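**Q** The sequence shown begins at 20 in the numbering used here and counts up by one.
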Amino acid sequence: MRGTIALDAKGKELDCGNVSLAHLAALFSTTAVTCQPIAMALDKATFVVCGAKLDGNTIDLGTALIAAGYAFAATDQKGNAVSASYLVAELNAKMKADGLWAMKFQHPIGLLLKRPKEQDR
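(1) Under 8 Å between the Cβ atoms of G98 and W120?
(2) For I57, is the classification buried or exposed, using 16 other Cβ atoms within 10 angstroms of its Cβ as the cut-off for buried?
(3) The beta strand (DSSP E) with L119 in it runs from where to where?
(4) Under 8 Å, do A71 and L80 count as touching if we go by C-beta distance?
(5) Can the beta-carbon of F124 be found closer than 8 Å to that of A25?
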């Protein structure tokens with residue numbers, strides 16, 4: 020999430036969103052990405068599933084980014100995973116310390132779940 024900071028092994032501060040965006044650009048720099056809306060959040064945000072064709076196969080963008088440790092499984096307002104496959108991909112990336120999991124950071128789900136409560140004040 021842009022604006023959140025991760026610390027690498029040397030203590031250097033990195034913007035999590037920029038690191039994730041760079042990884043996304045590297046993964047899909049030579050192919051078009053298409054997205055389909057699948058649901059609406061309570062705050063009117065649209066949940067989408069995005070994919071890209073690589074070597075004749077359609078790759079789910081969310082799975083690719085989450086499995087590489089550069090994105091996180093979405094949750095509902097109670098903190099439950101919206102997609103079991105995304106949660107599995109996240110847990111595997113975390114166990115292997117891939118991507119952002121190799122750094123110290125605050126998980127964005129905690130930040131996102133706090134925001135609506137803070138906005139109600």
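All residues carry an ideal CB built from backbone N, CA and C; glycine is no exception. Bear in mind that the values here come from a model prediction, so they are computed numbers and not experimental data.
**A** In short, the structure shows the following:
(1) Start at 1 with the first residue of the sequence shown, and residue 98 comes out as number 79. Start at 1 with the first residue of the sequence shown, and residue 120 comes out as number 101. Contact flag unset, no.
(2) Residue 57 sits at position 38 when you count from the first residue of the sequence shown. By the 10 Å Cβ count, I57 comes out exposed.
(3) Your numbering for residue 119 matches position 100 in the sequence shown. Counting along the chain, L119 falls outside any beta strand (DSSP E), and DSSP gives it neither H nor E.
(4) Here residue 71 refers to the residue found at position 52 of the sequence shown. Here residue 80 refers to the residue found at position 61 of the sequence shown. For A71 and L80, yes; Cβs fall inside 8 Å.
(5) Indexing the sequence shown from 1 puts residue 124 at position 105. Indexing the sequence shown from 1 puts residue 25 at position 6. Closer than 8 Å, so yes.
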